[in-house]
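Read the structure below first, then the notes.
Number of protein chains: 2
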Amino acid sequence: MVVGGKGRGATLADVARAANVSPSTASRALNDSPLIPDATKAIVREAARKQNYRVNTTARNLRRQTSSTVALVLPADPESGQMVSDPFFLDILGAVADALQEKKYDLLLSTTGAHPDRWFEDFIMSRRADGLIVIGQAHHADALEQLAGEGAPVVVWGAAATGLPYCSVGSDNLAGGDIATSHLLALGRRHIAFLGDTDLPEVALRYEGYRRALAAQGLSADPALLSRTPFTREGGAAAINRLADSGTRFDAVFATSDLLAMSAIQSLQARGIGVPQDVSVVGYDDIQMAAHYSPALTTISQNIALGGTLLVNKLMDLMAGQPAGTDVLEPRLIIRQSCGSPVMSGGTAPAGDRA
Amino acid sequence: MVVGGKGRGATLADVARAANVSPSTASRALNDSPLIPDATKAIVREAARKQNYRVNTTARNLRRQTSSTVALVLPADPESGQMVSDPFFLDILGAVADALQEKKYDLLLSTTGAHPDRWFEDFIMSRRADGLIVIGQAHHADALEQLAGEGAPVVVWGAAATGLPYCSVGSDNLAGGDIATSHLLALGRRHIAFLGDTDLPEVALRYEGYRRALAAQGLSADPALLSRTPFTREGGAAAINRLADSGTRFDAVFATSDLLAMSAIQSLQARGIGVPQDVSVVGYDDIQMAAHYSPALTTISQNIALGGTLLVNKLMDLMAGQPAGTDVLEPRLIIRQSCGSPVMSGGTAPAGDRA
DNA sequence: AGGATTTATGCAATCGATTGCCAACGGCTG
DNA sequence: CAGCCGTTGGCAATCGATTGCATAAATCCT
């Protein structure tokens, strides 16, 4: 009404004038300062509403010496140039966005493209952001350490290794590997194939958890059951075929990603091996499709929403000058149908057979 | 060095002092103004470099009456509260981020949560963003129209319907349906089942393209072959089973999402129907897994990178006060193995059988 | 009632960079 | 030598909101 599509919006001075008070009073009234009596606040607020006033964030930030903004850095895959393929990245993003919104912070998004090094620094120094959230520390590890060493507010989402100089949040891959394996063991499975690329730190930890669970039952990991497979190929199929052809006997598969698990299930079925009747399969990630696959995937899920909140809370602590440590998220076992757990609809009880 | 982790950064005044010039001259020098001789520029730049100076974006934006920022609005699914499940959303995001970075714009990300209505307005009015990119117009259609009507710079990614009051970019679903269907027809298929929820505008258009392709061959769409299925369930399986049980004869399936296609393929195989030998299946979206499925999915792909660039360019036009229309992206047929195209490895030529 | 508080409000400086306008200076021409 | 022009660079206002300090008004206390 008052403001045309192109014209300037109303300023605080306009509101003050309309309310017959000074800009100072108007500012304080709109910020709910205790210095201003309720009656005056009401008048000012009404004037602001009538003029459709919105505070000019830029001016406020300049005066307040803050940006009320957090930058989220999303590394593009250096090889393909594509976005990070982490299946739940979008969910982290959503969780972080929500947590920040609640704290009245804006979320600035950037991909690491142009400046390989100076990049991080720039954001803080140019006051475009008060803090940084970095997704995945793999690349830039050195830049991160330096930045954190300088006391910049930075938190990292990624594999939660101990002894990092910067503050990070990630899921406990060791525990994840353990509970997945333990679940299979509890179902009576004893020969559990492990699918995944143990060169990746996350996967290596999951394997460690796999071994721990076996050890808890007095079993040891059979190297023949470890199938090192990259994530992105039709690796699941190849791995299963290799395993089956080699004659190695197995009655369960722990796939370190849901994609691998689905791929593996297909190969098994193609060979006439029933899932979960003959072989139990557990995945990792709990991607959206996991619930809609058939058989629905039993898999390891992570509390992403909590992760987002933790990231934000840690960053807030850092920005307030308080120290913040590294946190680890507990993974959770989601029981569906691909393992034939007795918990599920009684139809497919686990057969006693073993490969 | 000069600046401790917590201390303030150097200001323009500091640089000017160090270079023995006035702030005005320093500013002009750093902005490469023709008013300043090269010699002076060099001195100022050197001083800035030494002090590790970064322009204070907030101050600049206030003075320049701009935010050099574009807000990208990501609607959360109103039901699940989860993020939009569009499989290539992340790629759009990446493309938009890159395009904006090139134009020196920042990308502010937000989910539509708190303010259902006023939300969009807020961003522009509070000067946190100069323009808006909205992903998916389905919800908020009314708010968008109003906003665009007021002349706000807004572009929308979504179904490119004609006659919209706001500027949008999206893929040509009509053409997509056409080329998918035409491909199946070219392979000799004549009874093509259509899987998808025609209540969604995108899907409705794809169905329209399906009918157009059939009509071009003198055929008409058989209503019995239309299976209205929601995207997110195990709809593919249910639809196939329903279709097969009803005795309707079909030799091909056009699934309007890759997830549906995969689900459908599984059901077909479970019934002993070969893909692509007995039934050809074409999907839609070309999600990452499509290439890794077996059989690898023939599907419809969209030029996301181009879409991102178009969105940004349109928005720049709007922000410059120039009009910008709606653009349509041409979808592309990706031929893999699920249709048994003769183009692929000659092993599986389409059999002449029809269900 | 008169000084002491408390309450309500305004003045003016400030955040840091940008930019219109003007001044100083050197060189050049007539 | 006076006048003019082009170059170089500084002064000061500006963007809009916030806030320390001060003042005016109202209330209180003995």
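Residue numbers (the working numbering), protein chains in the order written: chain A, 7 to 361; chain B, 7 to 361.
Cβ atoms here follow ideal geometry from the backbone N, Cα and C, with glycine treated the same way.
These figures come from a predicted structure and were not determined experimentally.
Straight across, the Cα-Cα distance linking K110 of chain A with D292 of chain A is about 31 Å.
Counting along the chain, D112 of chain B sits inside the beta strand (DSSP E) bounded by residues D112 to T118. The alpha helix (DSSP H) runs of length 4 or more contained entirely in the region 158-196 of chain B are, from start to end of the chain, 179-192.
At least one CB of chain A lies nearer than 8 Å to the CB of N62 of chain B. A check of alpha carbon separations from P207 of chain A across A:Q152, A:A24, A:A258 and A:N179 identifies A:N179 as the nearest. At a cut-off of 8 Å, the C-beta of D292 of chain A has no neighbouring C-beta in chain B.
Inside the region 262-336 of chain A, DSSP marks whole beta strand (DSSP E) runs of 3 or more residues at positions 286-288, 305-307 and 333-335, from first to last along the chain. Cβ neighbours of D97 of chain A within its own chain (closer than 6 Å, five residues either side excluded): I310.
Using a CB distance cut-off of 8 Å, M131 of chain A counts as an interface residue toward chain B. Residues of the region 287-316 of chain A that bring their beta carbon within less than 7 Å of a beta carbon in chain B comprise Q294, M295, H298 and S300, in sequence order. Straight-line spacing of the CA atoms in N58 of chain A and I42 of chain A works out to 21 Å. Contact between V162 of chain A and G137 of chain A does not hold, since the beta-carbon distance rounds to 12 Å and is not under 8 Å.
Of all alpha-carbon atoms in A:Y172, A:V21, A:M322 and A:S263, the one lying nearest the alpha-carbon of L150 of chain A is that of A:Y172. With a cutoff of 8 Å on beta-carbon distance, H189 of chain B and V288 of chain B are scored as near each other. Within the same chain, and ignoring the five residues on either side of V21 of chain A in sequence, the residues whose Cβ sits closer than 7 Å to its Cβ are A32, V50, A53, A54, Q57 and Y59. In terms of CA proximity to I246 of chain A, A:M268 leads the group A:M268, A:V175, A:I341 and A:R195. Put simply, the CB of F95 of chain A is near chain B, with a gap under 8 Å to one of its CB atoms. Below the 9 Å Cβ cutoff, chain B contributes I130, M131, S132 and R133 as neighbours of G15 of chain A, in chain order.
Beta-bridge pairing by DSSP links A77 of chain B to B:L114 and B:L138.
Relative to the Cα of Q294 of chain A, the nearest Cα in the group A:R217, A:A45 and A:Q308 belongs to A:Q308. A19 of chain B is positioned such that its CB atom lies no closer than 8 Å to that of L68 of chain A.
Note: R338 of chain B is bridge-paired with B:S307 in the DSSP secondary-structure output. For the 8 Å CB-CB criterion, G224 of chain A and T187 of chain A do not form a contact.
The beta-carbon distance between G346 of chain A and Q275 of chain A, rounded to whole angstroms, is 14 Å. This is too long to meet the 8 Å contact definition. For G137 of chain B, no chain A residue has a Cβ inside 8 Å of its Cβ, as the nearest lies near 13 Å away. For the region 102-122 of chain A, the set of residues with a beta-carbon nearer than 8 Å to any beta-carbon of chain B comprises A103, D104, Q107, D112, L113, L114, L115, S116, T117, G119 and A120, in chain order. Taking a Cβ-Cβ threshold of 8 Å, none of the residues of chain B is close to N247 of chain A; the smallest such distance is about 11 Å.
Within 10 angstroms of the beta-carbon of G327 of chain B lie fewer than 16 other beta-carbons, which makes it exposed.
Not flagged as an interface residue toward chain A: S33 of chain B, since no C-beta distance is shorter than 8 Å. In terms of CA proximity to I341 of chain B, B:P301 leads the group B:P301, B:S273 and B:M322.
Here the alpha carbon of D148 of chain B sits roughly 21 Å from the alpha carbon of L211 of chain B. Here the alpha carbon of Y299 of chain A sits roughly 38 Å from the alpha carbon of L170 of chain A. At a cut-off of 8 Å between beta carbons, Q283 of chain A makes no contact with chain B.
Burial state of D257 of chain A is buried, judged by a 10 Å Cβ sphere holding 16 or more other Cβ atoms. With contacts defined as CB atoms closer than 8 Å, G242 of chain A and L220 of chain A fail to qualify as a contacting pair. The beta-carbon of G100 of chain B is placed less than 8 Å from the nearest beta-carbon of chain A.
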